[in-house]
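K.L.:
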Amino acid sequence: MAALTIRDVHKRFGTTDVLKGVNLEIDSGEFTVIVGPSGCGKSTLLNIIAGLEKPSGGTVAIGDRVVNNVAPKDRDIAMVFQSYALYPSMTVRQNIVFGMECRNVPKPQRAEALARVAKLLQIEPLLDRKPSQLSGGQRQRVAMGRALVRDPLLFLFDEPLSNLDAKLRVEMRMEIKQLHQRIQSTMVYVTHDQIEAMTMATRIAVMHQGEVQQFADPETVYNRPANVFVARFMGAPPMNTLPARLEAVAGGVRAIVGRGEAAVALALPPAFATHAGREVIMGLRPECIAEEHRRFGEDNTGLALEAPVEMSEPTGAETIVLLRIGGERALARVSPDMRPQPGAMGRFSLDMRRVCLFDPKTEALIDSARA
Amino acid sequence: MAALTIRDVHKRFGTTDVLKGVNLEIDSGEFTVIVGPSGCGKSTLLNIIAGLEKPSGGTVAIGDRVVNNVAPKDRDIAMVFQSYALYPSMTVRQNIVFGMECRNVPKPQRAEALARVAKLLQIEPLLDRKPSQLSGGQRQRVAMGRALVRDPLLFLFDEPLSNLDAKLRVEMRMEIKQLHQRIQSTMVYVTHDQIEAMTMATRIAVMHQGEVQQFADPETVYNRPANVFVARFMGAPPMNTLPARLEAVAGGVRAIVGRGEAAVALALPPAFATHAGREVIMGLRPECIAEEHRRFGEDNTGLALEAPVEMSEPTGAETIVLLRIGGERALARVSPDMRPQPGAMGRFSLDMRRVCLFDPKTEALIDSARA
Amino acid sequence: MNTPPISASRALIYAIAVLLAIAYLVPLAVVLLNSVRSAEEIAQTSMIGWPHAWAFGNYTTAWSDFCIAQTCSGIRPYMLNSALVTVPATILSTALGAVAGYAISLWRFRGHAWIFGLVTLGVFLPEQMRLIPWTIVLRDVGLTNTLAGLVMIHTIQGLSFTTLFCRNYYLSIPQDLMKAARIDGAGFFRIFARIVLPLSPPILIVTVIWQFTHIWNEFLYGVTFTTGTQQPVTAALIALSASVADIPQHGVQSAAVTIAALPTLLVYLFGGRYFVRGLTAGAVK
Amino acid sequence: MNTPPISASRALIYAIAVLLAIAYLVPLAVVLLNSVRSAEEIAQTSMIGWPHAWAFGNYTTAWSDFCIAQTCSGIRPYMLNSALVTVPATILSTALGAVAGYAISLWRFRGHAWIFGLVTLGVFLPEQMRLIPWTIVLRDVGLTNTLAGLVMIHTIQGLSFTTLFCRNYYLSIPQDLMKAARIDGAGFFRIFARIVLPLSPPILIVTVIWQFTHIWNEFLYGVTFTTGTQQPVTAALIALSASVADIPQHGVQSAAVTIAALPTLLVYLFGGRYFVRGLTAGAVK
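Protein chains in written order, with the working numbering: chain U, 38 to 408; chain X, 38 to 408; chain W, 103 to 387; chain A, 103 to 387.
#1: Along the alpha helix (DSSP H) that carries W:GLU229, what are the first and last residues, could you check?
#2: Closer than 9 Å between beta carbons: that is the criterion. Which residues of the stretch 300-314 of chain W meet it against chain U?
#3: Name, please, each residue of chain A whose Cβ falls closer than 7 Å to the Cβ of W:ASN270.
#4: Checking the sheet assignment: what are the DSSP bridge partners for W:PHE291?
#5: For the stretch 331-364 of chain X, which residues have a beta carbon sitting closer than 9 Å to at least one beta carbon of chain U?
#6: Could you say which of X:ASN60, X:HIS312, X:ILE362 lies nearest to X:ALA300 if we only look at CA atoms?
#7: If we ignore side chains and look at the alpha-carbon of each, how far apart do A:ALA155 and A:SER140 end up?
#8: Taking the alpha helix (DSSP H) that W:ALA185 falls in, what are its first and last residues?
#9: Check whether the Cβ atoms of U:MET271 and U:VAL243 sit closer than 8 Å, and answer yes or no.
#10: Return the residues of the stretch 103-116 of chain U that lie within a Cβ-Cβ distance of less than 9 Å from chain W, sorted by chain order.
#11: Quick check on the DSSP output: the beta strand (DSSP E) that includes U:SER54 runs from which residue to which?
#12: Are three or more beta carbon pairs between the stretch 398-408 of chain U and the stretch 173-190 of chain X nearer than 8 Å?
#13: Quick one: Cα of U:ALA308 to Cα of U:GLN177, how far?
#14: Nearest chain A C-beta to X:PRO145 closer than 8 Å, yes or no?
#15: Quick one: is W:THR295 buried, meaning 16 or more other Cβ sit within 10 Å of its Cβ, or exposed?
#16: Could you run through the stretch 248-282 of chain W and flag, in chain order, every residue whose CB is less than 8 Å away from some CB of chain U?
#17: With C-beta atoms as the reference, is W:GLN333 less than 8 Å away from W:TYR180?
#18: Can you tell me whether U:VAL392 is buried or exposed? The criterion is at least 16 other CB atoms within 10 Å of its CB, across all chains shown.
#19: For X:LYS167, does the three-state DSSP call read helix, strand or coil?
#20: My output table needs one value for X:VAL371: the three-state DSSP class, helix, strand or coil.
#21: Listed from N- to C-terminal order along the chain, which residues in the stretch 120-133 of chain X have their beta-carbon within a distance smaller than 7 Å of any beta-carbon of chain A?
#22: Could you say which of W:PHE267, W:PHE291, W:LEU299, W:THR366 lies nearest to A:LEU114 if we only look at CA atoms?
#23: Just how far apart, CA to CA, sit U:LEU342 and X:LEU158?
#24: For U:TYR226, which residues does DSSP report across the bridge?
#25: List, in order along the chain, the chain U residues whose C-beta lies closer than 8 Å to that of X:ALA203?
#26: If you reduce the DSSP assignment to three classes, tell me which class A:ILE340 lands in.
#27: Got a sec: which bits of the stretch 350-371 of chain W sit with their beta carbon under 8 Å from any beta carbon on chain A, in order along the chain?
#28: If we ignore side chains and look at the alpha-carbon of each, how far apart do W:ALA283 and X:GLN119 end up?
#29: Along chain U, which residues have their Cβ under 8 Å away from the Cβ of W:ALA131?
#30: Can you pull the chain U neighbours of X:TYR259, defined as C-beta to C-beta under 7 Å?
#31: Check whether the Cβ atoms of X:VAL154 and X:GLY182 lie closer than 8 Å to each other.
#32: Using DSSP bridges, identify the partner residues of U:LEU360.
#33: Apart from the five residues just before and just after W:SER166, which ones in its own chain have a Cβ nearer than 8 Å to its Cβ?
#34: For a test of the three-state rule: what should DSSP assign to W:THR329, helix, strand or coil?
#35: Do A:GLY224 and W:TYR126 come within 8 Å of each other at the CB atom, strictly closer than that value?
#36: What does A:GLY203 reach in chain X if we use C-beta pairs closer than 9 Å?
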């Protein structure tokens, strides 16, 4: 059953089109992450779902009910805000039960729900503190508690982890994911962090300039990005995108990157033979360019390549290498043992199984080897 | 020659000891990164070097001159601030030459220095703009320009990249590093980001609770961390630290992690044989725990281990796996192809060449295989 | 900053400091000293000087014996009048201003900018322009020459400041809090009572101090709309000045002024810090 | 927020809005309407009413013909006096307050908290308490009954507000800017002139508007320290009230009040927005 249906939603502020016809159908129990750079309209979309803003056009339905004219409190939703939005003068306990108080839930039921949530989130020792006495992570947890104390049709999250430091963010990410696995509620989660999207979502909606670019499961988004924007937005460092020409050769097809003497020919998997002769943008993720002798997966030894190195950056766990393929810049992630010197030639191994091809004009995905 | 000598510097605010006797000797031309969590005293130390705060004890010498009683403007330093601290009402041009104006540098010289810096940083098109008309990255660049326009004995950087978004931070990091390679000035750079420290520094000073924990080159800090704090602070995800007992066996030594039935024995390189019989904390980086059959470096196939998986988090480029070794939690970084299911047993390969041993009481480094 | 500023700068800073000290401390000192000098001593020497004999009797005279316009009960009854006007007017104007500021800043109803524009008009309109309208209003509601009439005037006049203060302060309450409360199902008054009001002490202290000080010190309305025993103390002091015009009684006059100023001075001593702090405070830490 | 608030709340919000509108618009309307009604008309009907015949003559009479205390030149010369007091006092008090606020907020010299405490005293001290000291000062410096004397009084009295405003505003200038400037080698005045002052227009507008309005509308000092042709317009209006006590001339009086209020009304119309905005503005975007 669709838990949330968004049909052709538009939003216009003054002369700016913030949302240009968004369509999403989200199933019950899904964990949908809406991800995109700042200004892509993702928070506006969430506010429209919550009823905190009105769409300029289109409909929003929660369950079977169109809610365009329903007040936020009657939409049967709960929301976690980026700023946490805890009521500063209330204790944690009061924060959590405030919604039930407004809805005149009987006291014994309030206490029961509070106890359940406090146990679930392990915030029992914090119940009598004020928000100002909590750390960032604890506030985040209380904000979750305020949402979880009800049993709504829909949980909305507006970048709930972006005010936490890096290490805490990783922990809370895991916890929210485990929480979803336990309670199996429908969740819509907005973030600008592609790692959060990749690790938490059952489906990811990538937004850009007020439009949904791709709406698919994480593996598809990462390995078969719908267009160059998605390819470069998801993953860090971003996917290398090299202009190339496909050329049929005996027994297969190869991609020519660069022109004249600098040109490099890279053998592609046979499946790409159908595109021979086309100009394309070839996408190759940095982790698909590794040191010589790296084995990708069980049996793949990779395609050998010698290329000039421009810079290498050792991070400890690995070394990021900036190299040139046919004159085009590309990033590689190699073993930390390897420290190629700027100016020298380096020897690399390429995982061509994971190449993506994009149309140079529309920037849309043409084909990717790993279907 | 020592460009900066810090001897036994203390700082006390009220009853709080912020710095508890810091000693650093920095050579001319070095790029020193002072790294540590917030509140470790690193910014206070930088302010003391700049003369913006007075130490409660100890001396600061720039070049051969003790500068404890010298005003900031007479210390021959330039500083880049986290907030950029651009003068909001001045154009970029005026911002850059303001220091020379205050020092009554003749106009032709000002213009010359401005032109040099604008070219170096490629900010010529921005010279007539106000800071409010610049993007974050451009402001950062102008702040650099204001420092670079002089030729001081010492450049000070106070978390200059922490207000930039992730992608820009990576770019600027490379640029600053290249800049240092070109101008070869002495730079002291404060950050809380261990990746910046690893990639930029010639030497890293890791600070914690007002004390320098380790002062060494990046490779040493990463591979031979002085203590458990440094081991876990440098690197993300942090180094796994497992309590273990070393046991002599025929032909070498092994580490026993866990007790009773869950205990796991891991063969260590022969060099550790001298520590047989000791209780230790064994440190093993997440990238040293990979999927079965991974080859570490040229010839090392790693130590095989079967371990229960608690959770796995696919990031696209790799999968982070939470597993248990002898009952202790540990993180592994495995190929993105691998998605071990929670609850199942996974097969891993361990790079035991890079194990570190710490004393369980003092938490100081005892030994590391790779000297 | 901990390091010494450049010495020329430092000299200048202290020059400014001393100037300010003189401007604000000397007048206070003159009045306080004169309040304990006898009329003869002031007449013989000058208005500025250290008391030869401490004439504390000036205070008892001013408080309960002195004659003001045929009534010889000192300024005591007028102090009570001032309190009876100031306290209710302060409370009412603050309470209404808080609600108005809350509605304007956080609810953004249609026309909120216009309403707020009208409210700020009250900050600029000269008191004299309002005398005639108030005369009419007081006559029509039958409150001429009553303390209740003054309470009404000060409450409504004060609304412009209290609304302005509260509105500016409430602007710093994040809209996310309002959104969360709306999703939780709270309405206008519940949000005010449970979320906004508990955040308000810093600004309520500012408005209470401001209103108390201004209403207490105000005298134009007092002089214009009340006579005789209905006057607040500031108006009575003017009548006192008139009474002593023939025989200068600077000592008693200074003592009366000091007594009249005492409530606001106490407010300053105990509340001044909170006033300044509240002016720059944001609602949420 | 874009969605409609709950309807009961909405009704209440508009009730508050209408109350405020009445409180601030009605007095203005009464005065404006009376200023174009003839004395006879007002006497025959009431003080509230639409003019039957537009008596614009009230304005010319009030401006240049009416007799105030034996001088029959209308309020024109007094308007000029007010301008000659208000403009210099506004400029001086703002300039000094800016420097003082800068020193207190950004240089944190030893004792800055004490100095600032003294400055805020000026916000609380009743005007009446300052009358005697100012009498002495004016006599000693020979400025009794001069406009220059009023300028001096208003400049020094105004310093407490201007310093308070500027100090609070400058607090939002980040210390990093000061640090950068000190490393660049700039001193007290260069930092003020080149960095702080260019950031100040929002707060300078606030202080100028505040000072102009308050000095223009002030009358106690005007009545006390000046007489006859040296009086500012607010003091003259009181004399006017006295002149017309026998034959009520409400029309002319209303016209005179309107003219006297015109400068502050214009400031409100053109500057009110900036005033409110500047009050909540931070120095650096």
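Don't be surprised by glycine CBs; every beta carbon is placed ideally from N, CA and C.
P.N.:
Here's the rundown:
#1: First-last of the alpha helix (DSSP H) with W:GLU229: 229-243.
#2: Within the stretch 300-314 of chain W, the residues whose Cβ lies closer than 9 Å to any Cβ of chain U are, in chain order, PRO300, LEU301.
#3: Contact annotation for W:ASN270 against chain A: LEU381, THR382 [CB-CB distance below 7 Å, chain order].
#4: By DSSP's assignment, W:PHE291 forms no beta bridge with any residue.
#5: Per Cβ criterion, the list reads ARG331, ARG332, PHE333, GLY334, GLU335, MET348, GLU350, PRO351, THR352, GLY353, ALA354, GLU355, ILE357, LEU359.
#6: X:ALA300 has its Cα closest to that of X:ILE362, out of X:ASN60, X:HIS312, X:ILE362.
#7: Distance between the alpha carbons of A:ALA155 and A:SER140 is about 8 Å.
#8: 178-204 is the span of the alpha helix (DSSP H), which, as asked, contains W:ALA185.
#9: Taking 8 Å as the Cβ cut-off, U:MET271 and U:VAL243 qualify as a contacting pair.
#10: So the list reads ALA108, PRO109, LYS110, ASP111, ARG112, ILE114, ALA115, MET116, given in the order they occur along the chain.
#11: Looking at the sequence provided, one finds Asp at residue 54 of chain U rather than Ser. According to the DSSP assignment, U:ASP54 belongs to the beta strand (DSSP E) that extends over 53-64.
#12: The stretch 398-408 of chain U vs the stretch 173-190 of chain X: no contact.
#13: Taking the Cα positions, U:ALA308 is about 48 Å away from U:GLN177.
#14: Chain A contact via Cβ: absent.
#15: Reading the sequence as shown, one finds Ala at residue 295 of chain W and not Thr. The residue in question, W:ALA295, is exposed, as its Cβ has fewer than 16 Cβ neighbours within 10 Å.
#16: Within the stretch 248-282 of chain W, those residues whose Cβ lies closer than 8 Å to any Cβ of chain U are, in chain order, PRO276, ASP278, LEU279, LYS281, ALA282.
#17: Contact: yes.
#18: U:VAL392 should be labelled buried.
#19: Coil.
#20: Per DSSP, reduced to three states, the secondary structure at X:VAL371 is strand.
#21: Per Cβ criterion, the list reads SER120, ALA122, TYR124, PRO125, SER126.
#22: Out of W:PHE267, W:PHE291, W:LEU299, W:THR366, W:PHE291 has the C-alpha closest to the C-alpha of A:LEU114.
#23: So the alpha carbons of these two residues sit roughly 34 Å apart.
#24: Note: U:TYR226 is bridge-paired with U:VAL70, U:PHE194 in the DSSP secondary-structure output.
#25: Listed along the chain, the chain U residues whose CB falls inside 8 Å of the CB of X:ALA203 are ALA273.
#26: In the three-state scheme derived from DSSP, where H, G and I count as helix and E and B as strand, A:ILE340 is classed as helix.
#27: Within the stretch 350-371 of chain W, the residues whose Cβ lies closer than 8 Å to any Cβ of chain A are, in chain order, HIS352, GLN355, SER356, VAL359, THR360, ALA362, ALA363, THR366, LEU367, VAL369, TYR370.
#28: The alpha-carbon atoms of W:ALA283 and X:GLN119 are separated by roughly 36 Å.
#29: Going along chain U, no residue has its Cβ under 8 Å from W:ALA131, so there is no contact; the nearest lies around 43 Å.
#30: Listed along chain U, the residues sitting closer than 7 Å to X:TYR259 by beta-carbon distance are GLY353.
#31: A contact, by the Cβ cut-off of 8 Å.
#32: The partner list for U:LEU360 (beta bridge, DSSP) reads U:VAL346, U:ALA367.
#33: SER175, GLY176, ARG178.
#34: It is coil, neither helix nor strand.
#35: With respect to A:GLY224, W:TYR126 sits close: the two C-beta atoms are nearer than 8 Å.
#36: Those within 9 Å of A:GLY203 in chain X number zero; the least Cβ separation is about 17 Å.
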